[in-house]
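One structure is given here, and the rest of the page talks about it.
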Amino acid sequence: MVLEEGALVLADMGICTIDKFDKMDEFDRTAIHEVMEQQTVSIAKAGITTSLNARTAILAAASPAWGRYDLRRTPAENINLPPALLSRFDLLWLTLDRADMDTDLEMARHVVYVHQNRESPALGFTPLEPSVLRACISAARRLSPYVPKELEEYIATAYSSIRQEEAKSNSPHSYTTVRTLLSILRISAALARFRFSETVAQSDADEALRLMQMSKFSLYADDRQKSGLDAISDVYSILRDEASRSNKMDVSYAYALNWISRKG
Numbered sequence: 001m002v003l004e005e006g007a008l009v010l011a012d013m014g015i016c017t018i019d020k021f022d023k024m025d026e027f028d029r030t031a032i033h034e035v036m037e038q039q040t041v042s043i044a045k046a047g048i049t050t051s052l053n054a055r056t057a058i059l060a061a062a063s064p065a066w067g068r069y070d071l072r073r074t075p076a077e078n079i080n081l082p083p084a085l086l087s088r089f090d091l092l093w094l095t096l097d098r099a100d101m102d103t104d105l106e107m108a109r110h111v112v113y114v115h116q117n118r119e120s121p122a123l124g125f126t127p128l129e130p131s132v133l134r135a136c137i138s139a140a141r142r143l144s145p146y147v148p149k150e151l152e153e154y155i156a157t158a159y160s161s162i163r164q165e166e167a168k169s170n171s172p173h174s175y176t177t178v179r180t181l182l183s184i185l186r187i188s189a190a191l192a193r194f195r196f197s198e199t200v201a202q203s204d205a206d207e208a209l210r211l212m213q214m215s216k217f218s219l220y221a222d223d224r225q226k227s228g229l230d231a232i233s234d235v236y237s238i239l240r241d242e243a244s245r246s247n248k249m250d251v252s253y254a255y256a257l258n259w260i261s262r263k264g
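If you're matching positions, the sequence shown starts at 1 in UniProt numbering and goes up one per residue.
Next up, the structure:
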């Protein structure tokens, strides 16, 4: 019997992109759990018992379970995947096909142009050559950025603040766990690699926190809209809570802008 590698094993030390993620059967779903938690695939078949490396990042796309996204349901219910599996992703983004005159017109023009000319329209800029991009990514992946001592408390405090805010909001869907903290650390390190730096900077942590908040906002924006809060009320609420937490009546513009950006 010949043991053949699957997509996750072949993507070891790389990226595995998965389409129709919601169409997985139960066996594949169990394997994905192990890969995303332990970075290995266990094999026990026809007398072969072994464990293969699957140290890969997973980029997945899923469609709504009933053909159309129902805003009254949670993301987990809409794509028919268990929350335990979804929570293993660092970032989740909801992309809805909303009717918009400008966007629809731009998309239609692009499709018509490609259909008539059999090529894409001019980009307006010169893209990087694939070989240059591969070289940059390869060099960045050799780095192992670390979080300095002075930044550890900053990240821990930000994580605690997010937990406290969710507890106060009584949100029925959004929740932050230790996995979220690990995601923040991974994203911060990735951003440091992007700068070819051996050290994670506060700006990296802030951007990681902003991405986490924007990811959640994309999933649960409608809960926020139903609450009746507008942007000004949101900003006021954020600044009031931060001033109360730090026991300060005055908040500088730069600090306020940074804090609001982190909150999405």
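Just so you know, even glycine gets a beta-carbon here, dropped at the ideal spot from N, CA and C.
Environment of residue i [buried if 16+ CB atoms lie within 10 Å]
i	result
Met107	exposed
Val114	exposed
Ile136	As written in the sequence, residue 136 is Cys, which differs from the Ile given in the question. Classification of Cys136: exposed, given that the 10 Å Cβ count is below 16.
Ala192	buried
Val35	buried
Val41	buried
Ser183	buried
Ala156	exposed
Asp102	exposed
Asp100	exposed
Lys216	buried
Ile48	exposed
Asp70	exposed
Ala208	buried
Asp206	buried
Gln225	For Gln225, the pLDDT reaches just 48, beneath the cut-off of 50, and the residue's location in the model is therefore unreliable, although a value from the coordinates is still provided. It is exposed - the Cβ of Gln225 has fewer than 16 other Cβ atoms within 10 Å.
Residue i versus residue j - alpha carbon distance
i	j	result
Ala167	Ser161	10 Å
Asp204	Ser188	5 Å
Tyr159	Asn78	28 Å
Leu59	Gln39	15 Å
Gly67	Leu143	42 Å
Cys16	Leu257	36 Å
Ile18	Ala61	6 Å
Leu52	Ala254	49 Å
Pro82	Ile43	24 Å
Leu239	Thr177	24 Å
Ser120	Ser252	47 Å
Ala139	Pro127	19 Å
Asp28	Arg88	15 Å
Val235	Glu153	25 Å
Gly6	Asp250	57 Å
Phe125	Gln202	32 Å
Lys149	Thr95	37 Å
Arg118	Glu129	22 Å
Arg134	Arg109	32 Å
Glu26	Leu123	43 Å
Val112	Ala190	38 Å
Leu105	Thr30	43 Å
Close Cβ partners of residue i (< 7 Å) along its chain, the five nearest in sequence each way excluded
i	result
Leu229	Low local confidence applies: a pLDDT of 46 at Leu229 is under 50, so the model's placement there is unreliable, with the coordinate-based value given in what follows. So no residue of the chain qualifies.
Ser197	Pro145
Val132	none
Residues near residue i by beta carbon distance below 6 Å, same chain, minus five either side
i	result
Val147	Val200
Pro75	Leu219
Lys20	none
Asp223	Bear in mind that a pLDDT of 49 at Asp223, under 50, signals an unreliable position, so the model cannot answer this.
Assumed close pair residue i, residue j - CB separation to whole angstroms, cut-off 8 Å
i	j	result
Ala54	Val9	5 Å
Ala11	Thr56	4 Å
Ile32	Leu85	7 Å
Closest residue to residue i among the options (Cα-Cα distance)
i	options	result
Met214	Ala76, Arg72 and Trp93	Trp93
Thr180	Arg210, Leu151 and Gln202	Arg210
Asn80	Leu219, Tyr154 and Met24	Met24
Ala46	Glu4, Arg29, Asp12 and Asp28	Glu4
Leu151	Phe21, Leu123, Leu185 and Thr176	Leu185
Met13	Arg141, Phe89 and Pro64	Arg141
Asp97	Pro64, Phe89 and Asn117	Pro64
Arg163	Asp104, Leu105 and Met212	Met212
Same chain, Cβ closer than 8 Å to residue i, five either side skipped, listed in chain order
i	result
Arg72	none
Asp241	Glu165
Phe194	Ala140
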